[in-house]
Amino acid sequence: MRSAIKKNALREIRGSFGRFFAILAIIALGVGFFTGVRITTPAMVDTVNRFLDEYQFYDYRLMSAIGWTDEDIKEFAGRDDVRCAEGAYSADFLSAGDSQYVVRAHSITDNVNKLKLISGRMPEKDDECVLESGKFGINTTITIAGSTPESIRKRFKHEVYNIVGWVESPMYINFERGNSSLGNGEVKLFAYFPKDAFDMEVYTEAYVRFNQDYTIYSDEYEEYVDGREEQWKALAQSRVDIRFDKVYKEADEKLQNARKELEDKRIEGKQKLDDAKKSLDDGKTQLDEQFAQLQQIKDAMPEQYVSGMEQYNTAYADYEKGLSEYESSLSDYEKQIKDAEEELKRGEKDLAKQKNPDVYVLGRNTNIGYACFESDSDIVAQVAKVFPVFFILVAALVCMTTMSRMVEEQRTQIGGLKALGYSEGSVMGKYMFYSGMAAILGCVMGYGTGTYLFPKIIWKTYTLMYLNLPMKYVFSRELAVIALVVSLLCSVGVTWFSCRMELSETAAALMRPKAPKPGKRVFLEYVGFIWKRLKFLKKVSIRNIFRYKKRLFMMILGIGGCMALLLTGFGIKDSIAGFADTQYDEIQVADASANLRKTENGVPNELTKLLDDNTEDYTLLYTGSWNLLYGKKVKSITLNAAESFDDMDMYFSLHDVKGNTLAPPEKGEALVSHSIAERYGIKKGSMMKLRDDNMRELNVKVSGVFENHVYNVVFMGRGTVCEQLGEDVPLNYAFINFEDGVDVNAAQTTISKDNRVMQMIVFETLKVRLSKMMSRLDYIVLIVIICAAGLAFIVLYNLTNINITERQREIATIKVLGFFRRETSAYVLRENLALTAMGIVAGVGLGILLHSFVMAQIRVDLVDFSVKIAPKSYLYSVLLTFLFTITVNLFMQIKLECINMAESLKSVE
């Protein structure tokens, strides 16, 4: 660009800074939103990836029914692609106290799944532990409750452990802790103990970390891990087979030794019994001979006979006693031999049934926190597919309108430059420099601001569910280049398009003013009974609105977009803020719930009486935490199995999202919550597989989908569960209704005192807590409203500025004719209000569609938001949109006042 043209371009920027700033601002807004939303998901993934890498989160978790030995771990660690492998112990137990928690205990590992100490210190003795913050304080103790099964308590060396610190673990990056076969089936907190604190012969699991540092969820990582899965399954199975063969051989040797020992004892016992029988027979023979001799002397020697018979009777009594003892010993011998034979046969039969145990090679996707973060972090990425495109489109249209009007206004100057010998490229370069500078500055400002603020604000809302990890600024060269290219296309590209049309004309034609657009009759003029009643100035405004079609389209699009964004923002708040009220006022209508224990053999009469005395009514059912299997992943769900569904509507209303009541599930069927059906592709008629912590499985057919907003819930009949598991499941859960006017807290305290009541939740309290927790999502709503305001101000200011500039002669004329200040403003600016009303009408439909799409992408784990926009949100959106318009009108009155009547009325020639 030549020096004179460059100076002219710089003077143009100073002289029309409002126009320049409008282009810069719309580019900055568009780029800021585009890059900010686009970079949020990579920034979130980078935050979690750095944490998992720093603390060496496992790649594979290996499990088998017979555990792992040090030799197995050594074999795993010796592989070429393994950075580290360690064996670990884990067990669940119930903590003692008023509120019994299911605690998942892990052994501390040195090189994999390392812990982040956030307070206190690490354990140094085998009676010390660290756990997550919140439930227990440092320098207190945690006790293994006596209600914990004996088989589990034996796995620990102590019953009481000193808590010496709080930690964070890469295995638990969100609030879910997993499932358990203890208590109510839900793990409430995790704890880490030294390995010496456990009393186990083998490790319960092995963790493997490969020698790689690929980004989590990346294609490279998935390919790397998937390519080793079969190899590691074979390796783990071979180690299990070796150990199984050894255990099998040891068990077989024990059986053989027991068989030999039994045979030896059989022979020995038989010999003793035979000797005793021979001794008895010999004694009997002697007694018979003595009796015969006594009979011979009975008459001849009476006195000796009597004496001999007394001796004979005594000896015979001893013989009968010995015979009785022999028969008893023989019976005991035969019974013991028979029992031993049966026990040996059972052992041999059980041993014959034994098969090589299965191994489980579990990747990161089976870790609930890791799996949930992948889907949750993708929410922003899905939203980023729509919002940025919308802003970029508006930016392009604003730039096109602005630059085309600028070129049209400076036709005479362009003609003069061409007449002076400047080439078309030099002339076009001036305007491309003008728009290009605005685009580059706007891109730099928008990229820096958007990529810094958006990820931090959105991550703030995610810390409701995940660890509050520090987020670092992420710079994406690729995204920056894309943003710059798009910015230049939206500005320089449309400038080239606009200049090309004007520069195609001759210098003489350009130096003549362009003929104004002819006025045309509008449709309303054909409606006589309306048109005749309108005042002259209003008729002029109506004609001007439809005379400038480009401005009409831009205003409707810009204001409609503003209205749509506001409606979406307020709609998000309505959908999120109201879900707790809907859940606990219309769906889960019970007043409270209670988790019960010690009900395996039926509900004790004392507990039944307690509930009868302190509630209006209640219903008992089985509940447990199960995993929904979908693909290679698992999802934690709550299974409720009712004995009967006759009165269930008093506690839980089972209806679909349209309000239609659902039929109770039959045997082999289940009802699933809407969140499960929508997120995992389950619908009526689908087959669904559930698995618990003990690897028991349920296969059921989905008979319906019910509305539910809190937790992923499945309802089925208790008979279905018992039949498929082959055993009874306890009635360990109760829905409770209190009498009207009763002190709920007092009733809750009375019921909770019973040691058979593990936990009691009052739903009103939970509703308040959930509402407060979700209020932090107002950050996102605020972002949307600010962006909508920015869009409205920029579009309105830019188009109003263009409107005033191109109508300066007309405005100067009416000022000369004696129009007052307010009348002059109304003459020009009432068009903005009319166009705003049109934009609002268009924006309502667009806003409803945009809100529905955004809500479909906002999937917070364990929560299913309803899609709704409250009537007041429509009102707020309309009022704010008009407020933005009125504010711009007030600001533009200054420009109207600055119009010089004498200068504006000068002839162009």
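So the number in my numbering is just where the residue sits in the sequence shown, counting from 1, plus 140. For every residue, glycine included, the Cβ atom is placed at its ideal position computed from N, Cα and C.
Is DSSP giving residue i helix, strand or coil here?
| i | result |
| --- | --- |
| Asp336 | helix |
| Glu488 | helix |
| His814 | helix |
| Thr591 | helix |
| Tyr361 | helix |
| Asp868 | coil |
| Lys672 | coil |
| Ala331 | strand |
| Asn848 | coil |
| Ala228 | strand |
| Phe160 | helix |
| Asn876 | What sits at residue 876 in the sequence shown is Ile, not Asn. The answer is strand: DSSP assigns Ile876 an E or B state. |
| Ser911 | helix |
| Val1007 | coil |
| Gln899 | strand |
| Gly305 | strand |
| Val667 | coil |
| Glu837 | strand |
| Glu1049 | Confidence at Glu1049 is low in this model, with a pLDDT of 48, below 50, so the placement of that residue should be treated as unreliable; the coordinate-derived value is given next. Here Glu1049 sits in coil by DSSP. |
| Leu820 | First, the amino acid is wrong: residue 820 is Tyr here, not Leu. Three-state result, Tyr820: coil. |
Pick from the options: whose alpha carbon is nearest that of residue i?
| i | options | result |
| --- | --- | --- |
| Ser892 | Ser239, Ala730, Val1028 | Ser239 |
| Val523 | Leu936, Ile248, Gly158, Ala996 | Ala996 |
| Gly318 | Glu308, Thr778, Ala440, Lys824 | Thr778 |
| Phe785 | Val797, Ser776, Leu802 | Leu802 |
| Asp339 | Lys675, Asp267, Asn872 | Asp267 |
| Asn302 | Arg379, Gly979, Tyr332 | Tyr332 |
| Ser259 | Phe276, Asn253, Val797 | Phe276 |
| Ser715 | Ile622, Gly799, Leu838, His849 | His849 |
| Lys297 | Asp472, Trp306, Asp336 | Asp336 |
| Phe875 | Gly448, Ala781, Tyr770 | Ala781 |
| Glu345 | Gly586, Trp208, Gly569 | Trp208 |
| Glu467 | Tyr967, Lys412, Met441 | Lys412 |
| Cys224 | Gln352, Val921, Met611, Val634 | Gln352 |
Can you give me the C-alpha to C-alpha distance between residue i and residue j, rounded to a whole angstrom?
| i | j | result |
| --- | --- | --- |
| Met141 | Met572 | Reliability of the predicted coordinates at Met141 is poor, the pLDDT of 49 falling under 50, and no value is obtained from them. |
| Ser320 | His246 | 14 Å |
| Lys1035 | Leu192 | 57 Å |
| Lys773 | Gly509 | 12 Å |
| Asp833 | Asp404 | 45 Å |
| Thr281 | Leu271 | 11 Å |
| Thr739 | Asn877 | 21 Å |
| Leu973 | Ile1026 | 8 Å |
| Ile145 | Tyr562 | 9 Å |
| Leu395 | Asp212 | 27 Å |
| Gln550 | Asn943 | 15 Å |
| Val1007 | Leu830 | 29 Å |
| Leu150 | Tyr574 | 8 Å |
| Gln436 | Tyr445 | 9 Å |
| Glu1049 | Gln553 | A caution first: Glu1049 carries a pLDDT of 48, below 50, which makes its placement in the model unreliable, though a value can still be read off. Approximately 13 Å, taken between the alpha carbons. |
| Lys679 | Phe1022 | 22 Å |
| Lys400 | Lys478 | 15 Å |
Check whether the Cβ atoms of residue i and residue j lie closer than 8 Å to each other.
| i | j | result |
| --- | --- | --- |
| Ile153 | Met577 | yes |
| Met900 | Gly323 | no |
| Val845 | Asp787 | no |
| Ile179 | Ala231 | no |
| Phe710 | Ser965 | no |
| Leu234 | Ser287 | yes |
| Ala952 | Met1041 | yes |
| Thr542 | Asn938 | yes |
| Val307 | Arg244 | no |
Check whether the Cβ of residue i lies closer than 8 Å to any Cβ atom in chain B.
| i | result |
| --- | --- |
| Gly821 | Of the protein chains in this structure there is only one, and it is not chain B. |
Beta carbon of residue i: closer than 7 Å to some heavy atom of the ligand NAD?
| i | result |
| --- | --- |
| Val534 | For the structure depicted, the ligand NAD is absent and the ligand set is empty, with no information on it obtainable. |
Would you call the stretch 731–745 and the stretch 871–889 touching, i.e. three or more CB-CB distances under 8 Å? In short, these stretches touch, since the Cβ pair count reaches three.
I want to know whether the stretch 688–706 touches the stretch 934–948 - three or more CB-CB distances under 8 Å. A contact exists between the stretch 688–706 and the stretch 934–948.
Counting Cβ pairs closer than 8 Å, one from the stretch 162–180 and one from the stretch 619–626, do we hit at least three? Touching, per the Cβ criterion.
Are three or more beta carbon pairs between the stretch 454–470 and the stretch 416–436 nearer than 8 Å? When C-beta atoms of the stretch 454–470 are compared with those of the stretch 416–436, three or more pairs fall below 8 Å, so the two segments count as touching.
Counting pairs of Cβ atoms below 8 Å between the stretch 529–541 and the stretch 160–174, do you hit three or more? Three or more Cβ pairs closer than 8 Å define a contact, and the stretch 529–541 meets that threshold against the stretch 160–174.
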